Each structure stands twice: as C-alpha cells, then as structure tokens.
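In this note's numbering, the protein residues as written are 771 to 1011.
As structure tokens, the structure follows; a few thoughts come after it.
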Amino acid sequence: MKAWATAALDLLYPALCPVCSATLGSGRRDPLCAACWLAIPRIDPPYCAVCGVPFATLEPRALGSAGLCGPCRIEPPIWDYARAAARYEGPLRDALHAFKFDARRALARPLADLVVEQCGASLTADVEALVPVPLGRARERERGFNQARLIADRLAASLGCCVKPGWLTRVRPTASQSDLGAEERRANVRDAFVAAASVAGRHVVVVDDVLTTGATAAECCRALRAAGARAVGVLSVARVV
Ligand SMILES: [Zn+2]
Ligand SMILES: [Zn+2]
C-alpha cells in the first residue's frame, strides 16, 4: 500500500493498544502502547541462577551463597537455567491473553523484544537452537498457531540463532494445565514429549510463553536430556511468581 494511503487509514482507523485500547502514540512498542509497555513488571537481578526466581520474593535466609534459591539447592531442576522476562501480572498477563486467545499475533514482536531486553545478555554464545514447546495437534489447529513458535521465531531473528521446532514432538495429547495443581500438572505432562536424535551433544533452549509451575518446561527438558542434549535452558516471556 502507498504511504499516503496507510497514513489516511491510520487517521480514519487509529491503531489501538490490544491491552488497554488506548490510541497508540509515541513511545509505543507496537502494537502495545507506551503506558502498557512501561508498566510490564520486569524481572531484574538478583534472581536464582538456576530457576530465575527473583530474590526479592524470597525470605533472605533462603538465599544460598551460590546464588541459588532454597528449592534449587534442595532439589536442582532438570534444566541448567531458566529465565523469564517479567512477572505474569498486570498488562503482561493481559497481553499474553490477547496474544493467545484473541489471536493478536502482532504481539509476538513486543513480547519477544521483552525477552531479548531482559534475558538476552544472560545467554551464552554457544546456544545452538531455540525449541518452542510444541502444542497438541488439536489445540494448534483450533488456535491456528503455536504461540511459543511465534515468539521463538522472533527471538531467533534478534539473537541470531536458529529455531528447531522439529527437535521436540508432543507424542500424546494432554489436558489443559490451567485447572490443575502442581502435582497434577507434572502427572499430566509426564512422557508427553520426545526429542529428536539431532539434539545429542547440543546446547538447546526451550521457549514458552508462560512458566507457571514449570512442569511442561521440565518435561521438555527431560526429553531433551534423554536424547543427549549437552545443555538445556528455558526462556519464557512471563513467569508466575
Ligand atoms: Zn495499552
Ligand atoms: Zn531457584
């Protein structure tokens, strides 16, 4: 479309923020308005070196000298490290809902930007591939896309690494995790994923939109380790704190 036609359309139908419906002005991070973008509750250091939980939320005595939280010192997770850009609260929660359930795919851009800004520097240069958490076939057909894949694609473009969706396959359908408790979530996703032989000896990073209890990400990491991955990380846009 010609530039003048685009400008005329913008005047007639101004672009609105998918979270608060404000008209997009300056300082925005398309398609989020500046106010929503700035109000995202980002996770900054210090956080646990393994699970990424921000330390401000923990009792001071739970902090270990190795920079690990209490739970990680007692029972280390299956991943080498997990990082999330922000807390699953406020405008970020609304943005992720709009992204997933209202199919506002353009939100993949600011959501991935957020991950790059908050977590990009903590990734080592030897990451060989990003692997989005696969959706069940039926769920992906219903939604029309895999939100983790869209984010992984944009992350890869910014970070200069590749996306290997085929390296992780969901081998059985699972119930929605949203109504389940922590123990039920683990049981629900147990053995739900299988990794490709290509992961052997590689450093791969599992990408998801939200880390809740971490059950799904942990099961993905278990499959990657079983297939011989050398190092396994987890990157998510948001985490429940
Ligand atoms: Zn907004
Ligand atoms: Zn931890």
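Backbone N, C-alpha and C define an ideal beta-carbon position, used for all residues, glycine too.
For clarity, every value in this text was computed on a predicted model and none was experimentally measured.
Secondary structure at T986: helix, using DSSP grouped into helix, strand and coil.
At the C-beta level, W937 and V969 come within 7 Å of one another. With a threshold of 6 Å, the Cβ atom of A865 does not count as near ligand 1, since no heavy atom of the ligand is closer than that. Cβ-Cβ distances below 6 Å link K870 to Q917 in the same chain, with the five nearest sequence neighbours on each side left out; the list follows chain order. When DSSP states are grouped into helix, strand and coil, G951 belongs to the coil group. Fewer than three pairs of CB atoms, one per stretch, sit closer than 8 Å, so the stretch 841-859 makes no contact with the stretch 781-798.
Residue pairing of H973 in beta bridges, as defined by DSSP: A1001.
The three-state reading of DSSP puts A856 in strand, counting E and B together. Taking C-beta atoms as the reference points, A962 and T944 count as a pair closer than 7 Å.
In this structure P811 is in contact with E859, their Cβ atoms being roughly 5 Å apart against a cut-off of 8 Å. Annotation for R992: I848 place their beta carbon closer than 6 Å to its own, counting only its chain and skipping 5 residues before and after. Restricted to the stretch 901-942, the alpha helix (DSSP H) segments that are unbroken, complete and at least 4 residues in length are 907-913, 917-929, listed in chain order. Listed in chain order, the non-local C-beta contacts of V897 below 8 Å within the same chain comprise L929, C931, H973, V974, V975, G1003, local neighbours out to five positions each way being set aside. Three or more pairs of CB atoms, one per stretch, sit closer than 8 Å, so the stretch 850-857 contacts the stretch 803-817.
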